[in-house]
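Worksheet: one structure, shown below.
Number of protein chains: 2
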Amino acid sequence: MEHAAQDESRFSRIQLRNRALILDAALEVFSAHGFRGATLDQIAAASGLSKPNILYYFDGKEDIHVTLLGQLMDRWLAPLREVDPAGEPLEELLHYVHRKLEMSRDYPRESRLFANEILQGAPRIGPHLESDLRPLVDWAAGLIQGWVDAGRLAPVDPMHLIFSIWATTQHYADFEAQIGVLTGADGVPEGADAHLEALFRRLLTP
Amino acid sequence: MEHAAQDESRFSRIQLRNRALILDAALEVFSAHGFRGATLDQIAAASGLSKPNILYYFDGKEDIHVTLLGQLMDRWLAPLREVDPAGEPLEELLHYVHRKLEMSRDYPRESRLFANEILQGAPRIGPHLESDLRPLVDWAAGLIQGWVDAGRLAPVDPMHLIFSIWATTQHYADFEAQIGVLTGADGVPEGADAHLEALFRRLLTP
DNA sequence: CCGGCTTTTGACCATTTGGTCAAGATACGA
DNA sequence: TCGTATCTTGACCAAATGGTCAAAAGCCGG
Chain L
1 MEHAAQDESR FSRIQLRNRA LILDAALEVF SAHGFRGATL DQIAAASGLS KPNILYYFDG
61 KEDIHVTLLG QLMDRWLAPL REVDPAGEPL EELLHYVHRK LEMSRDYPRE SRLFANEILQ
121 GAPRIGPHLE SDLRPLVDWA AGLIQGWVDA GRLAPVDPMH LIFSIWATTQ HYADFEAQIG
181 VLTGADGVPE GADAHLEALF RRLLTP
Chain R
1001 MEHAAQDESR FSRIQLRNRA LILDAALEVF SAHGFRGATL DQIAAASGLS KPNILYYFDG
1061 KEDIHVTLLG QLMDRWLAPL REVDPAGEPL EELLHYVHRK LEMSRDYPRE SRLFANEILQ
1121 GAPRIGPHLE SDLRPLVDWA AGLIQGWVDA GRLAPVDPMH LIFSIWATTQ HYADFEAQIG
1181 VLTGADGVPE GADAHLEALF RRLLTP
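Residue numbers (the numbering used here), protein chains in the order written: chain L, 1 to 206; chain R, 1001 to 1206.
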């Protein structure tokens, strides 16, 4: 009912363009400074629109933030949805790891936006976690447990496995500043793919 | 030279007590809302002191934040310093994992404070990372590489191994809000110790 | 109990910031 | 081309916020 993305036809071309401009600028600013650290003036400057104009398209700072988080949730959970119950368990999970790492490489701002929100106790995305994330994760955990029970994976706690995959992959985006100091690399440093593949292959191989 | 902790004798008893009160309150507030999200009034309320009184003990909001980060850095890096070059490689590293997880359990506020700071690009702790963290990590990486070369550990990229340990352990503190939704647990959920031990034992066993 | 010091505070200030509003500019179908 | 609906903005506002200051209160050795 409230899925904003599905009826984009209700927006004029100008609205579509400017809403996209604003959301992209907001992603930049929110992910770099957090919700309270970001200002409407920064978003205005980054989007090339005036502050009152931004308030014409969104009901306020919070509205922009919530809209962003809602839109991103889909993209964020996509890799987990792609896991194929009919596939080879080990390959499916390693592919998931690979896709998640790819997300850290291609969408670090999105990763940091989520991290910021969760760090502060998920005040604005909490309901989405319950309604979107939880069912999906429960489904995935059940699937993995089934694979374990069938002896197709080494015994592992599905929930903790998922946490470990999230943690290791998102770490490269969320802690990029620290990693940069230690490796000199700018984005995800060389060897991350191979390392994570080895880590989880060894854990999961029966 | 600038180590504030070493000459605590220069502070009166009242100063010692109130500075501690302020720093503890600030840790609470900063870790929950980030630097810009925290206000002096919140810190004042949480510490039981008046706002001007807080400014009597610290030069400003930023001074409190920097002081906090500096103090915490020591505690934060302690587990890595405890790794014994003369010990059994696998046991030493698994013990490090265990100690880091313990930190997430016992000092989640500290973990989130660091995470907040790094997420925003380490604007205030950057120099400390260079001067304190980097040499220590380089030392540890060299140590691990030596163990690998001696065949006492499975081949592994030391830097990525360290990142994975940080990521998986700190995840339980930094993403507690998300984990709470998914597991119902309040702090670090049951089974984290066993899971991480299995994860890294399998990776590192030659 | 005194005098000097440290500590505490109420009142105040300048700036930042999210948000409003009425008027002007622009797009666009008829 | 015209008129209406959409879009844009300069000026403005109230609240929040980091910080100041002079005066009051408390502490403590002599």
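The beta-carbon is built from N, C-alpha and C at its ideal position, and this holds for glycine as well.
Under the three-state reduction of DSSP, Gln120 of chain L is assigned to coil, being neither helix nor strand. Here the alpha carbon of Arg13 of chain L sits roughly 30 Å from the alpha carbon of Asp132 of chain L. Taking C-beta atoms under 8 Å as the contact rule, Phe200 of chain L and Val97 of chain L qualify, at a distance of about 5 Å.
Neighbours of Ala192 of chain L across chain R, judged by C-beta separation under 7 Å: His1160.
Non-local beta-carbon contacts of Lys1061 of chain R in its own chain, meaning distances under 7 Å to residues more than five positions away in sequence, involve Leu1040 in chain order. For Arg99 of chain L, the three-state secondary structure derived from DSSP is helix. Identification of residues in the stretch 127–138 of chain L having a C-beta nearer than 9 Å to some C-beta of chain R yields Leu129, Glu130, Leu133, Arg134, Val137 and Asp138, given in sequence order. Under the Cβ distance rule, Trp76 of chain L does not count among the residues neighbouring chain R, no pair being separated by less than 8 Å.
Around the beta-carbon of Asp1084 of chain R, fewer than 16 other beta-carbon atoms lie within 10 Å, marking it exposed.
Boundaries of the alpha helix (DSSP H) around Thr1183 of chain R: Glu1176 to Thr1183. Straight-line measurement puts the Cα of Gly142 of chain L at about 14 Å from the Cα of Ala86 of chain L. Here Leu1016 of chain R carries a helix assignment [DSSP, helix/strand/coil]. Following the DSSP letters along the chain, one finds Ala44 of chain L inside the alpha helix (DSSP H) bounded by residues Leu40 to Ser47. Per DSSP, Thr205 of chain L lies in no alpha helix (DSSP H) segment and is marked neither H nor E. Taking all protein chains shown into account, Leu1136 of chain R has fewer than 16 neighbouring C-beta atoms within 10 Å of its C-beta and is therefore exposed. Per DSSP, the unbroken alpha helix (DSSP H) holding Leu136 of chain L starts and ends at Arg134 to Asp149. Excluding five sequence positions before and after Ala115 of chain L, the CB atoms of its chain that fall closer than 6 Å to its own CB belong to Asp174, given in chain order. For the pair of segments examined, the stretch 1030–1039 of chain R was found to touch the stretch 106–120 of chain L: the number of CB pairs separated by less than 8 Å reaches three.
Boundaries for Asp1186 of chain R: no alpha helix (DSSP H) harbours it, and the DSSP string shows neither H nor E there. For Asp1186 of chain R, not one C-beta of chain L is nearer than 8 Å to its own C-beta. Cβ contact annotation for Arg112 of chain L (same chain, cutoff 7 Å, sequence separation greater than five): Ser31, Ala173 and Asp174, in chain order. Of the residues L:Ile54, L:Tyr56 and L:Gly70, the one whose Cα lies closest to the Cα of Pro127 of chain L is L:Gly70. Thr1205 of chain R sits away from Leu1101 of chain R, with the two beta carbons spaced by 8 Å or more.
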